[in-house]
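Just so you know, we're using numbering that gives the first Met the number 0 here: the sequence shown kicks off at 0 and counts up by one. Even for Gly, the Cβ is constructed at its ideal location relative to N, Cα and C.
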Amino acid sequence: MNILKSKALAAAILSLGIAACTTTKAPETASTAVTEQSEADRAAAEAAAKARADAEATRTAAAAEAARLESQALADSQAKAQADAAAQANALAGSLGIKTFYFGYDDANLQDGDIDALRAHAAYLGKNSGARVQVNGHSDERGTREYNMALAERRAKAVAAFLTGNGARGSQLEVVSYGEEKPAAAGEGEESWAKNRRVELEYAAGNP
């Protein structure tokens, strides 16, 4: 009988020990699970924050590059505009330096090679309303004096008409015919005659 009681007591003690162990392990397992979840949440939050920071850095870099490209494009455009303006000014100055225009024998038609220079003079007169120019017509010595006066006048009027048709005002121009009276080159022969068949633009003082 005592043996049975002893066995029962031992079994009860063993059962209590097992229960105690089980009770102790359960909270430990729950705590571990909570810790692991917290670490996972923290890692996810850090990853999300890094992704946002990377995205913001990318947007900032893209905006900076776009601003740089826009600034460079503007600078290039301004530089090109300045270069074009300088080139046009140089071309205009060069064209304005041409003030004598030649004609064929017994002809009052403008030469194709003179058009650009005449346009430059017309543009200058159009922009400078105070400028005045005398359009002087000349001829070579062949023909009668009266015929050459009329021919030289037609040449001067052809130049004046082109100028007024391209920006100059009629009030800025004075047409004068000298006929054969003021040759640019003395002597006979085509070399001299070709230099005398001309129209000269004579600007008032202070003009090109």
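Inclusion of Val132 and Tyr177 in the CB contact set at 7 Å is not warranted, their separation being larger than that value. By the CB criterion at 7 Å, Val134 and Val158 fall inside the cutoff. In this structure, Ala116 lies near Ser94, with their beta-carbon atoms less than 7 Å apart. Residue ranges of uninterrupted beta strand (DSSP E) with 3 or more members, entirely inside the stretch 124 to 164 and ordered along the chain, are 132 to 137.
Annotated three-state conformation of Leu172 is strand, per DSSP.
It is roughly 7 Å from the alpha-carbon of Val198 to the alpha-carbon of Tyr101. Per DSSP, Glu201 is one residue of the beta strand (DSSP E) stretching across 197 to 202. The stretch 117 to 129 makes contact with the stretch 146 to 166; the number of CB pairs closer than 8 Å reaches 3 or more. Inclusion of Asn147 and Glu179 in the CB contact set at 7 Å is warranted, their separation being smaller than that value.
Contact between Leu150 and Ala107 is confirmed by a C-beta separation of about 7 Å, below the 8 Å threshold. Spatial neighbours of Ala61 in its own chain (CB-CB distance under 8 Å, excluding positions within 5 residues in sequence) are not present. With a 10 Å radius around the Cβ and a threshold of 16 neighbouring Cβ atoms, Asp139 comes out buried. Apart from the 5 residues on each side of it in sequence, Gly169 sits with its Cβ closer than 6 Å to the Cβ of Thr163 in its chain, given in chain order. Ala185 sits away from Asn195, with the two beta carbons spaced by 7 Å or more. For Phe100, the pairing in a beta bridge is given by DSSP as Val198. A residue is called buried once 16 or more other Cβ atoms fall within 10 Å of its Cβ, and Arg41, having fewer, is exposed. Ala204 places its beta carbon 7 Å or farther from that of Ala167.
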